[in-house]
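*Asks:*
Protein chains: 2
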Amino acid sequence: MGASADKEQTRYELLEAAGQLFAEHGYDGTSTRAIAEKAQVNLGGIHYHFGGKEQLYVETFRHACRDEQDSSEQEGLLADFLAKTTTRRPVDIAKLIHKMVSVDFRDFLEPNDEDWRVRLLMRELYQPSSAMSELIQQVFKPKHTRWMQVYRIVKPEASEETIHQWAFLVGSTIVFYLSSTPWVCQLLGRESLDAPFFDNVTAMISRCLIQLLDLPLPKELR
Amino acid sequence: MGASADKEQTRYELLEAAGQLFAEHGYDGTSTRAIAEKAQVNLGGIHYHFGGKEQLYVETFRHACRDEQDSSEQEGLLADFLAKTTTRRPVDIAKLIHKMVSVDFRDFLEPNDEDWRVRLLMRELYQPSSAMSELIQQVFKPKHTRWMQVYRIVKPEASEETIHQWAFLVGSTIVFYLSSTPWVCQLLGRESLDAPFFDNVTAMISRCLIQLLDLPLPKELR
DNA sequence: GTCTATACCACGATAGAC
DNA sequence: GTCTATCGTGGTATAGAC
Chain A
8 MGASADKEQT RYELLEAAGQ LFAEHGYDGT STRAIAEKAQ VNLGGIHYHF GGKEQLYVET
68 FRHACRDEQD SSEQEGLLAD FLAKTTTRRP VDIAKLIHKM VSVDFRDFLE PNDEDWRVRL
128 LMRELYQPSS AMSELIQQVF KPKHTRWMQV YRIVKPEASE ETIHQWAFLV GSTIVFYLSS
188 TPWVCQLLGR ESLDAPFFDN VTAMISRCLI QLLDLPLPKE LR
Chain B
8 MGASADKEQT RYELLEAAGQ LFAEHGYDGT STRAIAEKAQ VNLGGIHYHF GGKEQLYVET
68 FRHACRDEQD SSEQEGLLAD FLAKTTTRRP VDIAKLIHKM VSVDFRDFLE PNDEDWRVRL
128 LMRELYQPSS AMSELIQQVF KPKHTRWMQV YRIVKPEASE ETIHQWAFLV GSTIVFYLSS
188 TPWVCQLLGR ESLDAPFFDN VTAMISRCLI QLLDLPLPKE LR
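Chains as they are written, first to last, in the working numbering: chain A, 8 to 229; chain B, 8 to 229.
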């Protein structure tokens with residue numbers, strides 16, 4: 008029993024240490040020796056428990072996914088809206104869109120420097136590994152499908168391609184600001200991007216989505 | 008004389024070989040030995056001519072920038088428009104925006120697999136190195152400034168922050184589709200993204216930009 | 001001045017001792 | 001289950017050939 012608990016403990020220490028280092032320095036920028044040292048585990052332990060650096064990365068990834076997919080506050084927003092059998096006023100759909108955008112932005116762009124999970128997920132975007140499919144299925148596909156549902160409420164006759172492209176608008180903006188923060192800061196002559204800045208971006212993207220659907224802008228977005 | 012020409016030739020061979028390999032496999036994924044072999048140059052030549060892998064990467068980058076910044080067709084579009092002293096009708100500005108978006112998308116998303124330069128520039132986005140500042144100044148800042156000028160023509164009283172965020176819309180979309188193509192394809196159930204697909208994205212982003220400025224949509228975007 | 005051969009150190013992986 | 005020794009590879013540096 009003690010041995011089994013120790014094993015889990017060792018695995019956990021390795022996953023947490025590896026996650027933080029991978030998120031900070033990337034896959035290639037992180038040495039297994041650094042991970043082992045940070046986790047207070049012997050170098051050989053990585054190969055013993057996970058099989059190698061590559062597999063440790065994938066497992067770190069699954070570890071991060073499990074914690075991320077729980078926060079499906081957005082799911083609730085949409086479900087609540089769909090549950091209402093009352094007539095759906097255009098302006099209510101517009102407000103729903105604004106709320107959903109806000110949730111997405113808050114989940115991904117809130118400056119929570121202590122949490123390495125979001126940054127790790129984003130890294131996978133540009134360095135696709137064998138963990139990519141898992142991340143798509145568990146985190147991004149549900150979000151994407153939800154956005155597509157919203158579009159279909161308003162324009163059920165639209166082409167699939169158009170709906171997909173519309174649904175990508177929020178994600179693409181988040182990916183951009185998350186990955187290109189140093190660039191954006193340099194072009195803006197700033198040190199960092201704060202919450203008010205992202206509130207404005209949220210409002211702008213909401214306006215885009217709403218206007219593309221020919222819905223009326225709520226007062227708060229005017 | 009012959010020696011000097013040989014030197015330039017060797018440097019050129021190294022830059023071309025390194026550029027292709029860096030674009031294909033990334034910085035960490037490319038070994039100096041592979042570069043030397045592809046360029047038919049001795050391993051030591053990299054250190055002699057450039058000082059090391061890092062400096063070779065930066066020079067490869069400048070090499071790519073010089074070829075990229077020439078294609079400033081967009082510059083011409085905007086200059087032509089500004090040169091016209093006739094009254095600027097809102098719909099003409101809308102058409103200008105659509106044209107400028109088209110040029111941007113064509114420059115970056117046209118499937119020119121043989122040319123490694125664009126892919127190399129994009130890689131720098133998610134793996135910022137010492138070459139970042141150069142890329143921003145030479146390639147992205149001019150584009151960004153151009154977009155900001157367009158916004159000011161219509162709404163000179165807007166806040167700097169709003170203008171920046173508006174100007175980032177095109178770039179963020181391009182960065183997204185360029186970097187996340189595998190993800191997009193998997194979510195769409197496609198093999199690849201073709202020109203008609205990007206034409207639709209171009210149209211959608213143009214609509215966003217135009218509607219955010221309260222300009223009338225040209226007929227071709229209806 | 002230009003290029004070649006080679007040695008050096010850090011890293012990932014692995015086998016074998018305990 | 002843990003730790004150490006060791007191998008192959010990659011980036012770097014340099015002495016010496018031309």
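Ideal Cβ positions, reconstructed from N, Cα and C, are used throughout, including at glycine. Treat the numbers as computed from the prediction; the structure is a model and nothing was measured.
Please return the same chain residues whose Cβ sits closer than 6 angstroms to the Cβ of residue 8 (chain A), not counting the five positions on each side in sequence.
*Replies:* The predicted position of residue 8 (chain A) is uncertain, since its pLDDT is 43 and thus under 50; no value can be drawn from it.
*Asks:* If the criterion is Cβ atoms closer than 9 angstroms, does the pair residue 161 (chain B) and residue 84 (chain B) meet it?
*Replies:* no
*Asks:* Taking the alpha carbon of residue 52 (chain A) as the point to measure from, which residue in A:28, A:72, A:36, A:21 has its own alpha carbon closest?
*Replies:* A:21
*Asks:* Just to check my reading of the structure: residue 43 (chain B) and residue 49 (chain B) have Cβ atoms closer than 8 angstroms, yes? What is that Cβ distance to the nearest angstrom?
*Replies:* 6 angstroms
*Asks:* Going along the chain, which unbroken runs of the alpha helix (DSSP H) with 4 or more residues stay wholly within the region 47 to 86 of chain A?
*Replies:* 50 to 57, 60 to 75
*Asks:* Taking CB distances under 9 angstroms as the criterion, tell me whether residue 62 (chain A) reaches chain B.
*Replies:* At a cut-off of 9 angstroms, the C-beta of residue 62 (chain A) has no neighbouring C-beta in chain B.
*Asks:* Which residues in chain B have a C-beta closer than 7 angstroms to the C-beta of residue 123 (chain A)? List them in chain order.
*Replies:* Within 7 angstroms Cβ-Cβ: nothing; residue 123 (chain A) doesn't reach chain B, min ~16 angstroms.
*Asks:* Does the beta-carbon distance from residue 80 (chain B) to residue 149 (chain B) come in below 9 angstroms?
*Replies:* no
*Asks:* First and last residue of the alpha helix (DSSP H) that includes residue 143 (chain A)?
*Replies:* Looking at the DSSP string, residue 143 (chain A) is not in any alpha helix (DSSP H), and its letter there is neither H nor E.
*Asks:* Determine the direct distance from the alpha carbon of residue 194 (chain B) to that of residue 143 (chain A), and round the result to whole angstroms.
*Replies:* 8 angstroms
*Asks:* Work out the CA separation of residue 198 (chain B) and residue 67 (chain A) for me, nearest whole Å.
*Replies:* 28 angstroms
*Asks:* Exposed or buried, which one is residue 28 (chain B) when buried takes at least 16 other CB atoms within 10 Å?
*Replies:* With 16 or more Cβ atoms within 10 Å of its Cβ, residue 28 (chain B) is classed as buried.
*Asks:* Name the residues in the region 97 to 114 of chain A whose C-beta lies less than 8 angstroms from a C-beta of chain B; which are they?
*Replies:* none
*Asks:* Less than 7 angstroms between C-beta atoms, sequence neighbours within five positions excluded: which residues of the same chain meet that for residue 213 (chain B)?
*Replies:* 104, 105, 108, 228
*Asks:* Would you call the CB atoms of residue 170 (chain B) and residue 111 (chain B) closer than 9 angstroms?
*Replies:* no
*Asks:* The alpha helix (DSSP H) with residue 188 (chain B) in it runs from where to where?
*Replies:* 188 to 195
*Asks:* What is the C-beta distance between residue 25 (chain B) and residue 63 (chain B), in whole angstroms, given that I count them as a contact (C-beta under 8 angstroms)?
*Replies:* 6 angstroms
*Asks:* Using DSSP with H/G/I as helix, E/B as strand and the rest coil, what is residue 34 (chain B)?
*Replies:* coil
*Asks:* Hey, could you find the ends of the alpha helix (DSSP H) residue 229 (chain A) is sitting in?
*Replies:* Where residue 229 (chain A) is concerned, there is no enclosing alpha helix (DSSP H), given that its DSSP letter is neither H nor E.
*Asks:* Within 9 angstroms (strictly less), CB to CB, does residue 59 (chain B) reach chain A?
*Replies:* no
*Asks:* Identify whether residue 206 (chain A) lies in helix, strand or coil by the three-state DSSP scheme.
*Replies:* In this structure, residue 206 (chain A) counts as helix in the three-state DSSP scheme.
*Asks:* I'd like to know whether the C-beta atoms of residue 218 (chain B) and residue 215 (chain A) end up nearer to each other than 9 angstroms.
*Replies:* yes
*Asks:* If you run the structure through DSSP and keep just helix, strand and coil, what is residue 123 (chain A)?
*Replies:* For residue 123 (chain A), the secondary structure class from DSSP, reduced to helix, strand or coil, is coil.
*Asks:* Got a sec: is the Cβ-Cβ distance from residue 158 (chain A) to anything in chain B below 9 angstroms?
*Replies:* no
*Asks:* For residue 116 (chain B), which residues of its own chain have a beta-carbon under 7 angstroms away from its beta-carbon, when the five flanking residues on both sides are left out?
*Replies:* 181, 184, 185, 205
*Asks:* Any beta-carbon of chain A closer than 9 angstroms to the one on residue 228 (chain B)?
*Replies:* no
*Asks:* Name the chain A residues whose beta carbon is nearer than 7 angstroms to that of residue 187 (chain B)?
*Replies:* 132, 182
*Asks:* Quick one: does residue 67 (chain A) have its CB under 9 angstroms from some CB of chain B?
*Replies:* no
*Asks:* By the 10 Å Cβ neighbour count, where 16 or more other Cβ atoms means buried, how is residue 19 (chain B) classified, buried or exposed?
*Replies:* exposed
*Asks:* Is it right to say residue 196 (chain B) is buried, meaning 16 or more other beta carbons lie within 10 angstroms of its own, or is it exposed?
*Replies:* exposed
*Asks:* Give me the Cα-Cα distance between residue 38 (chain B) and residue 23 (chain B), rounded to the nearest whole angstrom.
*Replies:* 15 angstroms
*Asks:* Taking the straight line between their C-alpha atoms, what separation do you get for residue 138 (chain A) and residue 47 (chain B)?
*Replies:* 36 angstroms
*Asks:* To the nearest angstrom, report how far apart residue 174 (chain A) and residue 154 (chain A) are at their CA atoms.
*Replies:* 5 angstroms
*Asks:* Just tell me which of A:136, A:157, A:118, A:168 has its CA closest to the CA of residue 89 (chain A).
*Replies:* A:157
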